[in-house]
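Heads up: the sequence lines are chains A and B, in that order.
First residue of the first sequence? That's 2 in our numbering, and the numbers climb one at a time after it.
First residue of the second sequence? That's 4 in our numbering, and the numbers climb one at a time after it.
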Amino acid sequence: MTDLLKTPASWPRPLLGRASADDPTDLDAAVKAGAFAGLKKAVRTLAPAAVVAEIRAAGLRGRGGAGFLTADKWQAAASTLAGRRYVVANGYGADPAARTDPVLLERDPYAVIEGVAIAAWAIGADSAIIAVRATEAGAIRRLEAALGAAEEAGFIGANMLDSGRELTIDVRPVQGAYMLGEETVLLKALEGKRGQPEQRPPYPSERGLFGRPTVVQNVQTLALAAWILREGSAAFGAIGSPAAPGTILVHVRGARRAGIAEVPLGTPLRAILELVGAGGRSGLAFKAVLIGGPSGGILPAALLDTPYSFADLRDAGAHIGSGSIVATAAEADVLELAELLTRFCASEACGKTIPCRIGTRRIEEIASRINAGTPRPTDADLLTDLSADIVASGLCDHERLATLPMASVMRYFRPELDAKLQPAAEQAAGRQRVAVVDGEPAH
Amino acid sequence: MSLIPGLGIVRGMALTLRRFFQPKVTHLYPEVPAEISPKFRGRLQLLYDEHGTLKCETCFQCAQACPIECIDMGGVDTKGRFAVHWGASETYGERREESALRRAGRTVPDVAYEHWSPIDLSAVDAILHEADHDPRRLLEILGATQAAYGYLPVAALKRISFGTGAWYAMVYGTATYYHHLRFEPPARLAGADEPVAPTVESGRERVEADYLAALDQAIGPGSKRPAGRVN
Ligand SMILES: Cc1cc2nc3c(=O)[nH]c(=O)nc-3n(C[C@H](O)[C@H](O)[C@H](O)COP(=O)(O)O)c2cc1C
Ligand code: SF4
Ligand code: FES
C-alpha cells in the first residue's frame, strides 16, 4: 500500500480527514465522522439548483488535471434537455506513478459515494458509474462493500434518503492505456467501445454516455463536493489559493521518501518537496522537478517558489495532471528523462489523429537522436515547429501535453540541450564532419 | 399472345423506331465530363508517400466511418512484428505492408485471418443471448467469448458483429484496443518459434515499466540508462 506522507498540522485535510479509520467500509463509524451529512443537507434542505450554486460559491475546480469549474459542468448537464442523465466518477488513475485516486477510494470510499450522490441529485441523474482501474482490486472491493452498506442504509438506492428519487451506483473496473483516463475515452470504454477520444464540444455534460448529458468528475472532485455541502462553501474558499481553493492529493517522489499527501492548492513547490526530504535546509539537493505525470513539465530547482496551482503551473510550462511530482537527482540527465517521457506518451497515444499517432512519434525520434549524439542541424527548430503544430491541431489534450517534457527542456535547460546539439551545429558551420545517421523512413 | 396477329411485331418495331430518334447516351468523355452522383467517392486505393511506404496508418477511421462497410481491416502491428494485436503501439490495428499485400490479392501471414476457421459457435450464441445482443455490452461479450475459447477467434468476432449489429470494424477495433483481449490461443503464444508473440500483458507492462524505470533513474543517483523500447 502506498504511504501517506505526514503534512504540517496547519494544512486542512478535507480529502483524507477520515483516511486513518481502521475499517474505511464501516458505515456507522464513517457517518459519525461526518459522512453523508452533506448529502442529507442537499436532499432535505436544498433544491438541485441551490446545490450547484453552493458548489459555484465554493469555486471548486476539477481535480482530474485541467481544473475546469465543476459548477459549470453540473449546470450544463442539468439544463440540457434529456430523458436521462448520468454521473461518472473518474477513478481510473491513468498515471502508473500516481496512486492518489485509488488510495482515496481505498481509504474513504464513502466520501466518493456521497459526492456521486450529490452530483446526481444536482443534475437529476438516476444512475451513476464509478470507474476504477481493473488492477486496483483493493479499491474495487472496498467500494463494492461500501456501496452495499450505503444502499442498505438508504443513502442511495430505490428511494434515496426518502426523497422519492432513485439512484443506482455501479462500480466498473476498466482497463486500457493511459488515454483511458481522458473523459471521452472513458465514456467510450463504459459504452464497450474502442477507447479513442471524441471531438469536444459537445462536451460530455451535453452529450456524454450513450449520448446523454453526463457529468464526468474526478473522484477527488466529488469527495470535495461532499465536504463543501457539509462544511459550507465559505469554509472551503478559505483553504488554499483564492483562484482555486481547496486541497488536492499529490504523489511525491524523492530520493529519500515517496508517498501521497493532501496539499492546499497554491502551496509553493518547495513546501511539497520538503515532505519527501528534497531541497530545503536539511534536504537532498536535486536538479529539477517533473510535475504532472508522463506528459508533465520539467521545472528547474530555481522555480521552487511556484505555487502548486492550475494557473501557475500552466504558466510555468507544467500542469497538475495526475498529481505526480518527482524530484530528480542533482546529476540527472533531464534530456534523457524527457525522451523517455515522450516515448511513453507516444506509445500510449491512441492513434486516432495525425498529431497523435505521428506527431508524438516524431518528437520522440528527435529527442532520441539528440540523446544518441546524432542530432541534425535543424532539430531545435523542428522541435519548436512540430510542438506548435501538435498543440494547434491535436484532438485531445494528450498529444498537446505530450509536447511538454521536451518543451520544458528547451525552455529551462537550454545549455544542456545546446551541448548535445553541438555536433550538429558544428557540422552546419562546416567546421567538423559528423556522420548524421539518417533514419529509415520512419513508420 | 396478342389477339391481333402481328401486333407484337408492330409494337416492337415502334419501340425500336422511338429509341432510334432518342438522344444518344454516349458521352464524349473527357471532352464532356460525366455527371457523377455527389456521393460518389471514387475507387478505393491506398496511397504511397515519397519513400514508397503506404501512407495508410491503418487507424480504422475510414472503416468505421464507411456506411456500407466496404472497408475492412484486420491484421498485425505497426512495427514489423506479427501476431500482435494489442499493446500500446498496436492500437492502430494492422501492419500496413500486410494490409497492402491483402489488397494486392497475395497471401498474408496474418494470424487473425489464418484463424478464420470454422468453430463451434454455440458458445458465442449463448453469450450473445445472455447479453441481449446489446452492442453496448460489447466489452462484456468479448470478455466472455475469450473466456469460452481462450482467445478471440475471427469467426466469433464475425458472429458478434452479426449478432449485435455492431459493424465488424468496430468489433475488431474494440478487441484490438484492450490489452486483456487476445487473438491467438494461449498455446500458440507459449510454443511460438519466431517471432515470439508477447503475452497478453507484456506490451502494456513494458511501456509502464519503462516509464517507472525512467522516473527511478531520474530520482536515484547516476544509475545507467534503462533499456529503451524493444522493437
Ligand atoms: C491523457 C489524459 C488522461 C487523463 N487521465 C485522467 C485520469 O486518470 N483521471 C481523471 O480523473 N482524469 C483524467 N483526465 C482528465 C479527464 O479528461 C477529465 O477532465 C476529468 O476526469 C474530469 O474531472 P474533473 O473535472 O473533476 O477534473 C485525463 C485527461 C487526459 C487528456
Ligand atoms: S485506415 Fe486510417 S489512415 Fe488508413 S486509409 Fe483509412 S482513414 Fe486513412
Ligand atoms: S491521444 Fe489520440 S487523439 Fe489524443
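Glycine included, C-beta positions come from ideal geometry on N, C-alpha and C.
Please read these numbers as outputs of a predicted model, since none were measured by experiment.
query, result
"Closer than 8 Å at the beta carbon, the chain A residues around histidine 182 (chain B)", "Gln176, Gly177 and Ala178"
"C-alpha gap between valine 79 (chain B) and alanine 50 (chain A), whole angstroms", "With a pLDDT of 47 at valine 79 (chain B), under the threshold of 50, the modelled position of that residue is not reliable, and no figure is offered here."
"Proximity test, glycine 68 (chain A) beta-carbon vs ligand 1 heavy atom, cut-off 8 Å", "yes"
"Nearest residue (CA-CA) to alanine 38 (chain A), options A:Asp23, A:Glu232, A:Leu223 and A:Thr385", "A:Glu232"
"Beta-carbon neighbours of alanine 328 (chain A), restricted to chain B and to distances below 8 Å", "Ile222"
"Run of the alpha helix (DSSP H) containing glutamine 221 (chain A), from where it starts to where it stops", "220-232"
"Span separating the alpha-carbon of glutamate 199 (chain A) from that of alanine 312 (chain A)", "25 Å"
"Coarse secondary structure for serine 296 (chain A), derived from DSSP in three states", "coil"
"Residues near glycine 281 (chain A) by beta carbon distance below 6 Å, same chain, minus five either side", "Glu275"
"C-beta atoms of valine 1 (chain A) and alanine 132 (chain A) nearer than 9 Å", "Any property of residue 1 (chain A) remains undetermined from this structure, which presents chain A solely from 2 to 444."
"Any C-beta of chain B under 9 Å from that of glutamine 197 (chain A)", "yes"
"Exposed unless 16 or more other CB atoms sit within 10 angstroms - verdict on leucine 49 (chain B)", "exposed"
"Cβ neighbours of leucine 148 (chain A) in the same chain (closer than 7 Å, five flanking residues each side left out)", "Ile114, Ile170 and Val172"
"Aspartate 123 (chain B): contacting residues in chain A (beta-carbon distance under 8 Å)", "Those do not exist, as aspartate 123 (chain B) stays about 25 Å from chain A at its closest Cβ, beyond 8 Å."
"Histidine 320 (chain A) Cβ short of 8 Å to ligand 3 heavy atom set", "no"
"Alanine 95 (chain A) beta carbon near ligand 3 (any heavy atom closer than 8 Å)", "no"
"C-alpha distance - isoleucine 273 (chain A) paired with alanine 403 (chain A), whole-angstrom precision", "24 Å"
"Proximity test, glutamine 221 (chain A) beta-carbon vs ligand 1 heavy atom, cut-off 8 Å", "yes"
"Distance, leucine 210 (chain A) Cα to glutamate 1 (chain A) Cα", "A question about residue 1 (chain A) goes unanswered here, because the residues of chain A that appear run from 2 up to 444."
"Rounded separation between leucine 31 (chain B) and glutamate 38 (chain B) - CA only", "12 Å"
"Continuous alpha helix (DSSP H) assignments of at least 4 residues falling wholly in the segment 14-66 of chain A", "28-33, 38-46 and 49-59"
"For phenylalanine 23 (chain B), the three-state DSSP class (helix, strand or coil)", "helix"
"Any non-hydrogen atom of ligand 3 within 8 Å of threonine 354 (chain A) CB", "yes"
"Opposing strand residues paired with glycine 158 (chain A) [DSSP bridges]", "A:Leu168"
"Alpha helix (DSSP H) segment containing valine 251 (chain A), residue limits", "Premise fails: valine 251 (chain A) lies in the beta strand (DSSP E), 248-254, not in any alpha helix (DSSP H)."
"Proximity test, Cβ basis, 9 Å: arginine 85 (chain A) and chain B", "no"
"Anticipated Cβ contact below 8 Å, phenylalanine 345 (chain A) with aspartate 219 (chain B), distance rounded", "With a Cβ gap of about 14 Å, phenylalanine 345 (chain A) and aspartate 219 (chain B) do not count as contacting."
"Residue(s) in a DSSP beta bridge with leucine 70 (chain A)", "A:Arg62"
"Which listed residue (A:Gly65, A:Thr354, A:Arg45 and A:Lys288) has its alpha carbon closest to that of lysine 156 (chain A)", "In the sequence as displayed, the identity of residue 156 (chain A) is phenylalanine instead of lysine. Closest option to phenylalanine 156 (chain A), Cα to Cα, is A:Arg45."
"Within chain B, partners of leucine 342 (chain A) - CB distance below 8 Å", "Tyr214 and Ala217"
"Where alanine 168 (chain B) sits in the DSSP three-state scheme", "First, the residue type needs correcting, since residue 168 (chain B) is glycine and not alanine in the sequence shown. In this structure, glycine 168 (chain B) counts as coil in the three-state DSSP scheme."
"DSSP beta-bridge partners of proline 243 (chain A)", "Its beta-bridge partners do not exist; DSSP assigns none."
"Interface flag, leucine 304 (chain A) vs chain B, CB-CB below 9 Å", "no"
"Nearest neighbour of proline 424 (chain A), chosen from A:Ala373, A:Pro406, A:Ile292 and A:Ala347 [CA to CA]", "A:Ala373"
"Residue burial classification, glutamine 25 (chain B) (beta-carbon count within 10 angstroms, cutoff 16)", "exposed"
"Residues from the segment 125-144 of chain B in contact with chain A, defined by Cβ distance under 9 Å", "Asp137, Pro138, Arg139, Arg140, Leu141, Leu142, Glu143 and Ile144"
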